[in-house]
Amino acid sequence: TLQDRLSATFKSLRGKGRLSEADIDATCREIRIALLEADVNLAVVKEFVANVKERARGAELSQALNPAQQIVKIVNDELVAILGGETRLLRFAKRPPTVIMLAGLQGAGKTTLAGKLARWLKDSGHSPLLVAADLQRPNAVTQLQVVGQRAGVQVFAPEPGNTSASEAAGVGVGDPVGVARRSIEEAERRLFDVVVIDTAGRLGIDAELMQQAADIRDAVHPDEVLFVVDAMIGQDAVNTANAFAEGVGFDGVVLTKLDGDARGGAALSIARVTGKPIMFASNGEQVGDFDVFHPDRMASRILGMGDMLTLIEQAERTFDAEQSAKAAAKLASGGKEFGLADFLQQMQMVRKMGPLSKIFGMLPGMGEIKDQIAGIDEREVDRIEAIIQSMTPAERDDPKIIDGSRRARIARGAGVEVSAVNNLVNRFFDARKMMSAMAGGKGMPGMPGLPG
Ligand code: GDP
Ligand code: MG
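In full-length UniProt numbering, each number is its position in the sequence shown, counted from 1, plus 3.
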């Protein structure tokens, strides 16, 4: 995976000043491969990597992150930005009904999506009406009716007589524009506050179908036209999106079939090329397999390194550069000034990031010590915290003064045995020895909360 490749590229780099040109080139090469493997359009990849390089060159080296992590963070930020930043939610009309029109190729998942969207709207307190404006395929209306039933939502369809006539003829002779228009009147009359219009698509880009979609659009003035696209189509996504942007125009994108093994490159290509936000994600055939689109989740899917991104986020959130610099300075002075208060603070900083075993598991290159770490008992850490908190400031600064009577007092305050206090004090002196040795030596690359 990209994660493995990157951590191999940067085993122990954690320097000062700027990222080196060689670091940037090496990381960008790996990222380029990751994007291409995710099926991102080549032109988009090129432009993207160039932007990242530019930004990485100007970036100060972060104290919280190693160079690989830092570039990954830049890449991630850029991906999230292109994918729309914040999740864009539906805009509802000031005067109901809000009209949502779905457009996209045949098989993209429009009809399935219509049901999911309607159900989601219903669950969030709306009263949606599904509209069968796909009269192209004989079974399309029936399919929407089944979908509507599963979603527990009303379906507006052409008169049965007309439908069977066109079905008998074997061609789509109905009047989808008329159906769409009448559905709005119906919604007003029966007080549905959202109308979701399902439309026809063909297997390829088709001028006639595009015109039909444009006609429906002009008849109902949708508040949102959503372009529904199969995430598995990869490189073709750009052409299809462009054709629909030109032929019908759309306000947002829905990605379907994300339950498949697509790495999501289509998302990035479409978002970059059309500049439209991806609003929903469809990930299965059931009516509940649906969610609003989260740019950050898609970014980590594209990069294939969700774990590292989680770690980067957590490291940044909890890393207090100033505090750590102070602690590092104390250690550099031989460790004698590094007291229990610093110890506690470092431990709390690391703890804020989550269970210790998980944190270490996510650190690249930490595989070897993972097993040892897995043995750390979180309750033990709680106990250590309680003990340190029962000490006076003077005791924390200089644990050497903690004699027998102080130990007994601390143990009572923390609700532990005296032996636990003894253990901690001994362990602290060991840790201080070890940490001052590390401060003089290589240190641990990019380990947040511990001075390296
Ligand atoms: P439409 O032609 O755009 O209306 O597409 P449909 O809604 O009829 O979907 C085409 C096929 O894709 C159907 O077999 C659906 O069950 C399937 N499908 C739709 N959305 C998803 C999805 O998110 N995941 C999976 N696995 N299949 C989907
Ligand atoms: Mg359909």
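Virtual Cβ for every residue (Gly too), placed ideally from N, Cα, C.
### Message
On the criterion of 16 or more Cβ atoms from any shown chain inside 10 Å, does Asp345 qualify as buried, or is it exposed?
### Response
As a position in the sequence shown, residue 345 is number 342, starting the count at 1. Burial call: buried.
### Task
Please list the segments of the alpha helix (DSSP H) lying wholly inside the stretch 264 to 293, counting only runs of 4 or more residues, in order along the chain.
268 to 277
### Query
According to the neighbour-count rule (16 or more other Cβ atoms, all chains shown, within 10 Å of its Cβ), is Pro402 buried or exposed?
Here residue 402 refers to the residue found at position 399 of the sequence shown. Pro402 comes out buried.
### Message
Run through the DSSP bridge pairs and tell me what Phe159 is partnered with.
### Response
As a working mapping, residue 159 is identified with position 156 in the sequence shown. Looking at the DSSP assignment, Phe159 forms a beta bridge with Val134.
#### Entry: Three-state secondary structure assigned by DSSP to Glu227
Residue numbering aside, residue 227 sits at position 224 when the sequence shown is read from its first letter. It is a strand residue.
### Task
Out of Pro298, Ala423, Ala397 and Ile305, point me to the one whose CA is closest to Val83's CA.
Here residue 83 corresponds to residue number 80 of the sequence shown, with the count starting at 1. Nearest C-alpha to Val83: Pro298.
### Task
Between the Cα of Val199 and those of Arg192, Pro225 and Met213, spot the shortest distance and give me the residue it belongs to.
Counting from one through the sequence shown, the residue named residue 199 turns up at place 196. It is Pro225.
### Query
Roughly how far, in whole angstroms, is the beta-carbon of Ala143 from the beta-carbon of Ala154, given that I think they are within contact range, below 8 Å?
On the sequence shown, residue 143 is found 140 positions in, with the first residue counted as 1. On the sequence shown, residue 154 is found 151 positions in, with the first residue counted as 1. Not a contact, Cβ separation roughly 16 Å.
### Query
Got a sec: does the ligand MG put a non-hydrogen atom nearer than 7 Å to the Cβ of residue 3?
Outside the displayed range of the chain (4 to 455) lies residue 3, so it cannot be described from this structure.
### Query
What is the rounded straight-line gap between the Cα of Arg184 and the Cα of Asp201?
In the sequence shown, the residue the question calls residue 184 occupies position 181. In the sequence shown, the residue the question calls residue 201 occupies position 198. When rounded, the distance between both Cα atoms is 13 Å.
### Task
May I ask you to list the residues that DSSP assigns as paired with Ile315?
The residue given as residue 315 occupies position 312 in the sequence shown. Ile315 is not bridged to any residue.
### Message
My output table needs one value for Glu63: the three-state DSSP class, helix, strand or coil.
### Response
Taking the first residue of the sequence shown as 1, we reach residue 63 at position 60. Strand, per DSSP.
### Message
Counting only beta-carbon separations shorter than 8 Å, does Asp345 have a partner in chain C?
### Response
Absent from the structure is chain C; it holds one protein chain and no more.
### Task
In angstroms with no decimal places, state the Cα-to-Cα distance between Ala414 and Ala302.
As a position in the sequence shown, residue 414 is number 411, starting the count at 1. As a position in the sequence shown, residue 302 is number 299, starting the count at 1. Roughly 49 Å separates the two Cα atoms.
### Query
In its own chain, which residues sit with a C-beta less than 8 Å from the C-beta of Thr166, not counting the 5 before and 5 after it?
Working through the sequence shown from its first residue, we reach residue 166 at position 163. Here the model assigns Thr166 a pLDDT of 47, short of 50, so the residue's position is not dependable, and the following value carries that caveat. These residues qualify, in order along the chain: Leu138, Val144, Ala160 and Gly177.
### Message
For a quick check, are the C-beta atoms of Met282 and Val295 less than 8 Å apart?
### Response
Along the sequence shown, one-based indexing puts residue 282 at 279. Along the sequence shown, one-based indexing puts residue 295 at 292. It is a contact, given that the beta carbons lie within the stated cut-off.
### Message
What does the Cβ neighbour count give for Gly407, buried or exposed, with the cut at 16 atoms within 10 Å?
### Response
Here the question's residue 407 lines up with position 404 in the sequence shown. So Gly407 ends up on the exposed side.
### Task
Measuring alpha carbon to alpha carbon, tell me which of Leu64, Val78, Glu63 and Ala29 ends up nearest residue 2.
As shown, the chain starts at 4 and ends at 455. That puts residue 2 outside it, with no answer to give.
### Message
Taking 7 Å as the cut-off, is the C-beta of residue 2 nearer than that to any heavy atom in the ligand GDP?
### Response
There is no way to answer for residue 2, as the model of the chain reaches only from 4 to 455.
### Task
Kindly examine the ligand MG and report whether one of its heavy atoms sits closer than 7 Å to the Cβ of Asp201.
Here residue 201 corresponds to residue number 198 of the sequence shown, with the count starting at 1. Within the cutoff, so yes.
### Task
Could you tell me if the beta carbon of Asp28 falls within a distance shorter than 7 Å of some heavy atom in the ligand MG?
Within the sequence shown, numbered from 1, the residue matching residue 28 stands at position 25. No.
### Query
Is any heavy atom of the ligand MG found at a distance shorter than 7 Å from the C-beta of Asp233?
As a first step, residue 233 is located in the sequence shown; it is residue number 230 there, counting from the start. No, the ligand MG has no heavy atom inside 7 Å of this Cβ.
### Query
To the nearest angstrom, how far is it from the Cα of Gly207 to the Cα of Leu108?
Here residue 207 corresponds to residue number 204 of the sequence shown, with the count starting at 1. Here residue 108 corresponds to residue number 105 of the sequence shown, with the count starting at 1. Near 7 Å, if we compare the C-alpha coordinates of Leu108 and Gly207.
### Task
Using DSSP bridges, identify the partner residues of Val197.
What you label residue 197 is simply residue 194 of the sequence shown in a count that begins at 1. For Val197, which the question treats as bridged, DSSP gives the partners Thr101 and Pro131.
### Query
Which two residues bound the contiguous alpha helix (DSSP H) that contains Thr259?
Locating residue 259 in the sequence shown gives position 256, counting from the first residue. Here Thr259 belongs to no alpha helix (DSSP H); instead the beta strand (DSSP E) covers Gly255 to Thr259.
### Query
How many Å lie between Pro179 and Gly287 at the Cα?
Position 176 of the sequence shown, counted from the start, is the residue given in the question as residue 179. Position 284 of the sequence shown, counted from the start, is the residue given in the question as residue 287. When rounded, the distance between both Cα atoms is 28 Å.
### Task
Check whether the Cβ of Asp209 lies closer than 7 Å to any heavy atom of the ligand MG, and answer yes or no.
Residue 209 sits at position 206 when you count from the first residue of the sequence shown. No, since every heavy atom of the ligand MG falls outside the 7 Å radius drawn around the Cβ of Asp209.
### Query
So which of Thr115, Val102, Ile103 and Ala106 has the shortest CA-CA distance to Phe293?
Taking the sequence shown and counting its residues from 1, the one referred to as residue 293 is at position 290. Ranking Thr115, Val102, Ile103 and Ala106 by Cα distance to Phe293 puts Thr115 first.
### Query
Are Glu189 and Leu132 close, meaning C-beta to C-beta below 8 Å?
Walking along the sequence shown from the start, residue 189 turns up at place 186. Walking along the sequence shown from the start, residue 132 turns up at place 129. Going by C-beta atoms, Glu189 is nearer than 8 Å to Leu132.
### Task
Could you pull the start and end residues of the alpha helix (DSSP H) that Asn245 belongs to?
Indexing the sequence shown from 1 puts residue 245 at position 242. Where Asn245 is concerned, the enclosing alpha helix (DSSP H) stretches over Ala240 to Gly250.
### C-alpha distance - Glu162 paired with Val182, whole-angstrom precision
Your numbering for residue 162 matches position 159 in the sequence shown. Your numbering for residue 182 matches position 179 in the sequence shown. Glu162 and Val182: Cα-Cα distance of roughly 9 Å.
### Query
For the ligand MG, is there a heavy atom less than 7 Å away from the beta-carbon of Ala143?
By 1-based counting over the sequence shown, the position of residue 143 is 140. True, at least one ligand heavy atom lies under 7 Å from that Cβ.
### Task
With hydrogens ignored, establish whether the beta-carbon of Asp137 is closer than 7 Å to any heavy atom of the ligand MG.
As a working mapping, residue 137 is identified with position 134 in the sequence shown. Indeed, a heavy atom of the ligand MG lies less than 7 Å from the Cβ.
### Query
In the structure shown, what three-state DSSP assignment does Val43 receive?
Start at 1 with the first residue of the sequence shown, and residue 43 comes out as number 40. Coil, per DSSP.
### Message
Please report the distance separating the alpha-carbon of Lys97 from that of Asp196.
### Response
Within the sequence shown, the letter at position 94 stands for residue 97. Within the sequence shown, the letter at position 193 stands for residue 196. Taking the straight line from one Cα to the other gives about 10 Å.
### Task
Could you check the C-alpha separation between Leu22 and Ala29 for me, to the nearest Å?
Counted from its first residue, the sequence shown places residue 22 at position 19. Counted from its first residue, the sequence shown places residue 29 at position 26. Between Leu22 and Ala29, the C-alpha separation is close to 11 Å.
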